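Worksheet: one structure, shown below.
There are 2 protein chains.
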Amino acid sequence: MIENKNQSRTSLEQLGEFGLIEHLTKDFPIQQESTIKSVGDDAAVLSFEKEKVVVSTDLLIEGVHFDLAYAPLKHLGYKAVVVNISDICAMNAVPTQITVSIAVSNRFPLEALEELYEGIKLACNYYKVDLVGGDTTSSQTGLIISITAIGKANEDEIIYRSGAGDNNLLVVSGDIGGAYMGLQVLEREKQVFLVNPNSQPDLSMYDYIIERQLKPEARTDIRQLLKDLDVHPTSMIDISDGLSSEIFHLCTQSKVGCNLYEDKLPLDPQFINTCEEFNIDSTTMAINGGEDYELLFTIKMEDFEKVKANPNLTIIGHTTQESEGLHLITRANTKIPLKARGWNPLANNEEE
Amino acid sequence: MIENKNQSRTSLEQLGEFGLIEHLTKDFPIQQESTIKSVGDDAAVLSFEKEKVVVSTDLLIEGVHFDLAYAPLKHLGYKAVVVNISDICAMNAVPTQITVSIAVSNRFPLEALEELYEGIKLACNYYKVDLVGGDTTSSQTGLIISITAIGKANEDEIIYRSGAGDNNLLVVSGDIGGAYMGLQVLEREKQVFLVNPNSQPDLSMYDYIIERQLKPEARTDIRQLLKDLDVHPTSMIDISDGLSSEIFHLCTQSKVGCNLYEDKLPLDPQFINTCEEFNIDSTTMAINGGEDYELLFTIKMEDFEKVKANPNLTIIGHTTQESEGLHLITRANTKIPLKARGWNPLANNEEE
Numbered sequence: 001m002i003e004n005k006n007q008s009r010t011s012l013e014q015l016g017e018f019g020l021i022e023h024l025t026k027d028f029p030i031q032q033e034s035t036i037k038s039v040g041d042d043a044a045v046l047s048f049e050k051e052k053v054v055v056s057t058d059l060l061i062e063g064v065h066f067d068l069a070y071a072p073l074k075h076l077g078y079k080a081v082v083v084n085i086s087d088i089c090a091m092n093a094v095p096t097q098i099t100v101s102i103a104v105s106n107r108f109p110l111e112a113l114e115e116l117y118e119g120i121k122l123a124c125n126y127y128k129v130d131l132v133g134g135d136t137t138s139s140q141t142g143l144i145i146s147i148t149a150i151g152k153a154n155e156d157e158i159i160y161r162s163g164a165g166d167n168n169l170l171v172v173s174g175d176i177g178g179a180y181m182g183l184q185v186l187e188r189e190k191q192v193f194l195v196n197p198n199s200q201p202d203l204s205m206y207d208y209i210i211e212r213q214l215k216p217e218a219r220t221d222i223r224q225l226l227k228d229l230d231v232h233p234t235s236m237i238d239i240s241d242g243l244s245s246e247i248f249h250l251c252t253q254s255k256v257g258c259n260l261y262e263d264k265l266p267l268d269p270q271f272i273n274t275c276e277e278f279n280i281d282s283t284t285m286a287i288n289g290g291e292d293y294e295l296l297f298t299i300k301m302e303d304f305e306k307v308k309a310n311p312n313l314t315i316i317g318h319t320t321q322e323s324e325g326l327h328l329i330t331r332a333n334t335k336i337p338l339k340a341r342g343w344n345p346l347a348n349n350e351e352e
Numbered sequence: 001m002i003e004n005k006n007q008s009r010t011s012l013e014q015l016g017e018f019g020l021i022e023h024l025t026k027d028f029p030i031q032q033e034s035t036i037k038s039v040g041d042d043a044a045v046l047s048f049e050k051e052k053v054v055v056s057t058d059l060l061i062e063g064v065h066f067d068l069a070y071a072p073l074k075h076l077g078y079k080a081v082v083v084n085i086s087d088i089c090a091m092n093a094v095p096t097q098i099t100v101s102i103a104v105s106n107r108f109p110l111e112a113l114e115e116l117y118e119g120i121k122l123a124c125n126y127y128k129v130d131l132v133g134g135d136t137t138s139s140q141t142g143l144i145i146s147i148t149a150i151g152k153a154n155e156d157e158i159i160y161r162s163g164a165g166d167n168n169l170l171v172v173s174g175d176i177g178g179a180y181m182g183l184q185v186l187e188r189e190k191q192v193f194l195v196n197p198n199s200q201p202d203l204s205m206y207d208y209i210i211e212r213q214l215k216p217e218a219r220t221d222i223r224q225l226l227k228d229l230d231v232h233p234t235s236m237i238d239i240s241d242g243l244s245s246e247i248f249h250l251c252t253q254s255k256v257g258c259n260l261y262e263d264k265l266p267l268d269p270q271f272i273n274t275c276e277e278f279n280i281d282s283t284t285m286a287i288n289g290g291e292d293y294e295l296l297f298t299i300k301m302e303d304f305e306k307v308k309a310n311p312n313l314t315i316i317g318h319t320t321q322e323s324e325g326l327h328l329i330t331r332a333n334t335k336i337p338l339k340a341r342g343w344n345p346l347a348n349n350e351e352e
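From first to last, the protein sequence lines stand for chains H and P.
Quick note: the first sequence uses UniProt numbering, first residue 1, plus one each step.
Quick note: the second sequence uses UniProt numbering, first residue 1, plus one each step.
Below is the structure:
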């Protein structure tokens with residue numbers, strides 16, 4: 001519904017691979033001291049010295065991870081960077097560089113890629129990360145984006161998934177579930193648009209959750225916040241596939257169980273209202289919906305006082321002994337087994 | 001023609017994304033001291049201290065970069081790693097880690113991915129690089145492989161494309177053109193197979209050039225060789241898209257011209273014989289065919305004696321002043337302008 005039919009079209013073939021990379025990456029300034037050589041050679045050259053290097057990578061496929069019917073290319077570029085930076089944040093590290101590879105079919109003119117790179121540039125500027133490499137090629141169907149993010153941290157700052165102990169507090173940043181409900185609204189509007197292309201939806205009452213879906217942010221601020229609070233989490237992960245799925249990862253790797261409290265889940269009023277409108281259970285959505293890119297971590301019980309009143313952080317439960325398993329404690333004080341129902345990108349692989 | 005119709009099939013959906021990653025990466029031992037944390041967290045953690053980090057990335061798409069009709073998955077996995085390691089070699093660095101992301105359609109059972117990872121593992125073992133991360137997801141058509149390679153080198157060891165001076169010698173490792181002619185043989189056999197599926201081609205007379213195409217090697221040995229010869233190249237690049245195209249990159253970035261000598265090109269007899277059989281000009285193939293993954297570099301004239309008798313290295317020309325341009329000096333001693341006709345992956349993007 002956002003597509004502009006009158007856009008000018010420049011064929012990618014005219015530019016060639018190297019002309020294209022050069023054109024798309026020419027306005028990316030170097031912002032990190034650790035970047036010695038950026039785009040333009042066989043490889044980028046980086047310098048970290050005493051700090052450790054953290055590396056994460058993601059592959060985003062049109063029709064699996066995004067739908068260009070409602071994700072504008074600029075937002076998509078921004079989000080693709082954020083998703084990867086979020087993984088660096090989940091190690092309690094500072095994001096410093098990214099590489100971006102794209103494959104596109106001939107459906108995409110140069111102007112579309114410029115828009116995509118506009119979004120990538122916005123994110124690079126906002127998060128102060130350098131675009132240092134990549135690859136452009138053709139695909140037979142649609143758009144494929146592969147991003148590798150690099151970050152740095154001192155060894156003693158890095159937080160793994162496996163460090164949670166028994167009786168740690170389970171903490172989440174921000175609020176959860178919004179991105180998933182934003183997607184539900186966009187999916188609904190897409191169906192309306194397909195029936196009546198002239199409809200002009202008023203989405204203002206969903207602005208927060210739609211932004212959570214289309215233009216999420218990575219919690220690069222949490223590292224400093226925790227430093228200021230003098231709290232060093234015992235384990236950490238980011239919420240990409242859904243809270244329950246991430247809790248399973250943390251607990252499995254840390255060999256602990258956990259109790260999650262339904263009444264503690266941080267939910268935005270717009271998220272709750274939209275769940276009511278869609279007549280679906282907000283707890284189920286908050287636990288299983290993904291793409292919030294908030295951080296989930298555990299802290300020692302003794303750090304409770306430092307965290308409890310912070311508006312950015314919510315204590316949502318605590319770890320237990322591994323043998324006790326993972327449970328949700330409902331508002332009615334019933335203890336039910338927690339299930340990981342996060343998004344499975346492999347459950348959606350019908351060849352067209 | 002290599003497809004095994006009786007292979008067993010395990011659906012990827014049953015395993016889920018994390019089960020799949022765990023299954024595919026479980027037999028990859030850590031071989032590099034610099035790998036602190038490998039697969040299994042939000043990001044890998046690496047330690048390089050005084051050495052600089054080099055990073056390169058590539059995206060390989062079925063139908064654009066490879067054809068599963070004649071590229072067995074194991075070879076493809078091996079080659080995908082080699083292609084990326086070659087970029088690290090082109091910086092005169094030591095490859096240390098890779099991340100591998102794949103997207104597959106439901107056409108691929110688990111057993112196919114196991115074969116692909118068999119090849120990846122072979123390459124990791126042979127080149128002593130650690131697989132430290134990745135992503136698996138679904139695609140709507142075919143197989144997509146995205147690899148990021150990481151390497152290390154001291155700052156004064158790193159060689160850029162831009163360092164060639166006027167009157168440097170142009171040197172290439174190994175021989176060139178073979179991979180491209182190997183592809184021509186495979187393409188021909190595929191056509192024969194399509195007409196007569198019972199044909200059993202005898203490819204033994206093409207074994208070298210077919211291996212160059214299906215299972216190339218990265219020249220990790222050249223770094224040590226140059227050290228032993230006490231030669232420090234002024235510029236370097238690897239030959240992925242074709243010699244002429246790479247010469248253009250080196251010369252453009254170094255702001256020099258060059259004379260390339262037709263009679264100096266290192267060609268394997270099997271390559272020459274096959275060109276004759278196909279009735280095509282071997283020089284044209286050697287200059288424009290890609291995927292040899294040999295190294296092309298420039299050295300100072302004073303290093304001539306150190307290099308001239310080395311069986312691994314061939315001096316194929318010299319740089320000139322930029323204003324003189326780039327030329328091929330033919331066997332008949334005619335000077336003709338060199339053209340970059342390297343492979344353009346964007347010239348092949350018809351959406352199906």
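Built from N, CA and C at the ideal position, the CB exists for glycine as well.
Since the model is a prediction, treat every value here as computed from it, not as a measurement.
Just mark residue i as buried or exposed, buried being the case when its beta carbon has 16 or more other beta carbons within 10 Å.
{"i": "H:N288", "result": "buried"}
{"i": "P:R212", "result": "buried"}
{"i": "H:S204", "result": "exposed"}
{"i": "H:T334", "result": "exposed"}
{"i": "H:N4", "result": "With a pLDDT of 45 at H:N4, under the threshold of 50, the predicted position of this residue should be treated as unreliable, and no value is reported."}
{"i": "H:Q97", "result": "buried"}
{"i": "H:M236", "result": "buried"}
{"i": "H:N6", "result": "Confidence at H:N6 is low in this model, with a pLDDT of 46, below 50, so its placement is unreliable and no value can be given for it."}
{"i": "H:R9", "result": "exposed"}
According to DSSP, is residue i helix, strand or coil?
{"i": "H:E3", "result": "Residue placement at H:E3 cannot be trusted, given a pLDDT of 44 that sits under 50; what the coordinates show is reported in the next sentence. If DSSP states are grouped into helix, strand and coil, H:E3 belongs with coil."}
{"i": "P:V64", "result": "coil"}
{"i": "H:N349", "result": "Because H:N349 sits at a pLDDT of 39, beneath the cut-off of 50, its placement in the model cannot be relied upon, and the point is left open."}
{"i": "P:V100", "result": "strand"}
{"i": "P:L338", "result": "coil"}
{"i": "P:L203", "result": "coil"}
{"i": "H:A80", "result": "helix"}
{"i": "P:M236", "result": "strand"}
{"i": "H:A44", "result": "strand"}
{"i": "P:P95", "result": "strand"}
{"i": "H:E291", "result": "coil"}
Under DSSP, the alpha helix (DSSP H) around residue i begins and ends at which residues?
{"i": "P:Y70", "result": "Run containing P:Y70: none; DSSP gives neither H nor E here."}
{"i": "P:F304", "result": "F304 to V307"}
{"i": "P:T252", "result": "L243 to S254"}
{"i": "H:G133", "result": "Careful: H:G133 lies outside any alpha helix (DSSP H), inside the beta strand (DSSP E) at D130 to S138."}
May I ask which residues mark the beginning and end of the beta strand (DSSP E) holding residue i?
{"i": "P:A153", "result": "I144 to A153"}
{"i": "H:L169", "result": "L169 to S173"}
{"i": "H:Q321", "result": "L313 to Q321"}
{"i": "P:K37", "result": "T35 to K37"}
What's the C-alpha gap between residue i and residue j?
{"i": "H:T314", "j": "P:K74", "result": "48 Å"}
{"i": "P:D292", "j": "H:I144", "result": "26 Å"}
{"i": "H:V64", "j": "H:Q140", "result": "15 Å"}
{"i": "H:E157", "j": "P:P233", "result": "40 Å"}
{"i": "P:C258", "j": "H:G40", "result": "20 Å"}
{"i": "H:A71", "j": "P:Q270", "result": "52 Å"}
{"i": "P:R161", "j": "P:N167", "result": "16 Å"}
{"i": "P:Q200", "j": "P:F193", "result": "9 Å"}
{"i": "P:A90", "j": "H:G19", "result": "21 Å"}
{"i": "P:G134", "j": "P:K308", "result": "43 Å"}
{"i": "P:V54", "j": "P:A93", "result": "7 Å"}
{"i": "H:T298", "j": "H:L170", "result": "5 Å"}
{"i": "H:I120", "j": "H:S38", "result": "16 Å"}
{"i": "P:A164", "j": "P:D230", "result": "17 Å"}
{"i": "P:K306", "j": "H:H249", "result": "56 Å"}
(message) So if I threshold CB-CB distances at 8 Å, which residues from the stretch 22-52 of chain P count as touching chain H?
(response) Correct list: I36, K37, G40, D41, D42, A43, A44, V45, L46, S47, F48, E49, K50 and K52.
(request) Note down, in chain order, all residues in the stretch 150-173 of chain H with a beta-carbon under 8 Å from any beta-carbon belonging to chain P. (result) Those residues of the stretch 150-173 of chain H that come within reach of chain P (Cβ to Cβ, closer than 8 Å) are I150, G151, E155, I158, Y160, R161 and S162.
(message) So if I threshold CB-CB distances at 9 Å, which residues from the stretch 56-73 of chain P count as touching chain H?
(response) Those would be S56, T57, D58, L59, L60, I61, E62, G63, V64 and H65, in chain order.
(message) Can you pull out the residues from the stretch 95-110 of chain P whose beta carbon lies closer than 9 Å to at least one beta carbon of chain H?
(response) Closer than 9 Å at the C-beta level to chain H, one finds these residues of the stretch 95-110 of chain P: Q97, T99, V100, S101, I102, A103, V104, S105, N106, R107 and F108.
(request) Using a Cβ-Cβ cut-off of less than 7 Å, list which residues of the stretch 227-248 of chain H approach chain P; keep chain order. (result) Those would be I237 and D238, in chain order.
(message) Give me the subset of the stretch 133-144 of chain P whose CB atoms are less than 9 Å from a CB atom of chain H, sorted by chain position.
(response) Listed by position, the residues of the stretch 133-144 of chain P near chain H (Cβ gap below 9 Å) are G133, G134, D135, T136, T137, S138, S139, Q140, T141, G142 and I144.
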